[in-house]
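Numbering (my numbering), first residue to last: 127 to 304.
Beta carbons are placed, not taken as given, at the ideal position from N, Cα and C, and that holds for glycine.
This report concerns only the one structure given below.
Structure below.
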């Protein structure tokens with residue numbers, strides 16, 4: 127079960143502050159797209175997203191979307207935000223995360239993978255050897271293919287909860303959950 131265990135759990139990606147990320151030595155945030163960075167059914171983003179991206183950029187922290195979506199879907203969402211991305215990341219395989227990290231020329235310890243799914247985002251991040259952050263989904267609804275994942279994810283989450291307390295925090299606060 128350790129392969130599914132996130133380093134941290136936070137309520138949402140926007141609660142991650144540049145200060146807390148820097149405190150952990152994080153120079154880049156690799157993030158899932160749908161229901162992590164923006165609601166899957168509202169691909170235009172929000173003012174909150176723009177502020178968060180701006181704050182990280184000012185702090186010198188890079189953001190890269192690592193998504194299983196196709197390039198066309200991600201490009202439409204990220205073009206005006208000027209966020210780099212890796213499409214068809216093949217999560218839960220570590221391929222997309224490793225590609226992004228190597229393109230950024232960063233060590234595993236300088237990168238964190240953030241996502242709302244244990245069975246894709248967290249699993250892939252752990253296999254890639256980077257720290258991971260599980261967020262609550264931005265919206266309660268999911269695309270049809272994600273609903274299947276959520277069903278199985280429920281069993282994994284319950285098994286992890288028997289091993290340790292799984293509480294979502296507002297930020298990573300400089301301590302590991304593991």
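State the DSSP-derived secondary structure class of residue 301, mapped to helix, strand or coil.
The residue labelled residue 301 in the question sits at position 175 within the chain shown. Because the pLDDT of residue 301 is 48, which lies under 50, any placement of that residue in the model is unreliable, and the number read from its coordinates should be weighed accordingly. Here residue 301 sits in coil by DSSP.
Return the CA-CA distance between residue 303 and residue 162, expressed in angstroms with no decimal places.
By 1-based counting over the chain shown, the position of residue 303 is 177. By 1-based counting over the chain shown, the position of residue 162 is 36. For residue 303, the pLDDT reaches just 45, beneath the cut-off of 50, and the residue's location in the model is therefore unreliable, although a value from the coordinates is still provided. Rounded to the nearest angstrom, the two C-alpha atoms are 20 Å apart.
Classify residue 217 as buried or exposed, calling it buried when 16 or more other Cβ atoms lie within 10 Å of its own Cβ.
As a working mapping, residue 217 is identified with position 91 in the chain shown. So residue 217 counts as buried.
Have a look at residue 191 and residue 289 and give me their C-alpha separation to the nearest angstrom.
To locate residue 191, count along the chain shown from 1; it is residue 65. To locate residue 289, count along the chain shown from 1; it is residue 163. Rounded to the nearest angstrom, the two C-alpha atoms are 30 Å apart.
Could you give the uninterrupted runs of the beta strand (DSSP E) lying entirely in the segment 164-207, keeping only those of 3 residues or more?
188-192
With three or more beta-carbon pairs closer than 8 Å as the criterion, would you say the segment 131-140 touches the segment 252-267?
By the criterion of at least three beta-carbon pairs nearer than 8 Å, the segment 131-140 is in contact with the segment 252-267.
Around the Cβ of residue 94, are there at least 16 other Cβ atoms within 10 angstroms (buried) or fewer (exposed)?
The requested residue 94 is not part of the displayed model; the chain covers only 127 to 304.
Cα separation between residue 230 and residue 211?
Here the question's residue 230 lines up with position 104 in the chain shown. Here the question's residue 211 lines up with position 85 in the chain shown. Roughly 11 Å separates the two Cα atoms.
Hey, out of 173, 195, 144, whose CA is closest to residue 215's CA?
Taking the chain shown and counting its residues from 1, the one referred to as residue 215 is at position 89. Residue 215 has its Cα closest to that of 195, out of 173, 195, 144.
Going by other Cβ atoms of all chains shown within 10 Å of its Cβ, with 16 needed for buried, is residue 177 buried or exposed?
Here residue 177 refers to the residue found at position 51 of the chain shown. Exposed: under 16 other Cβ atoms inside 10 Å.
Going by C-alpha distance, which of 285, 238, 173 is nearest residue 151?
Numbered from 1 along the chain shown, position 25 holds the residue referred to as residue 151. Among 285, 238, 173, the Cα nearest to that of residue 151 is on 238.
Residue 234: which of 245, 138, 220, 244 sits nearest, CA to CA?
Start at 1 with the first residue of the chain shown, and residue 234 comes out as number 108. Relative to the Cα of residue 234, the nearest Cα in the group 245, 138, 220, 244 belongs to 220.
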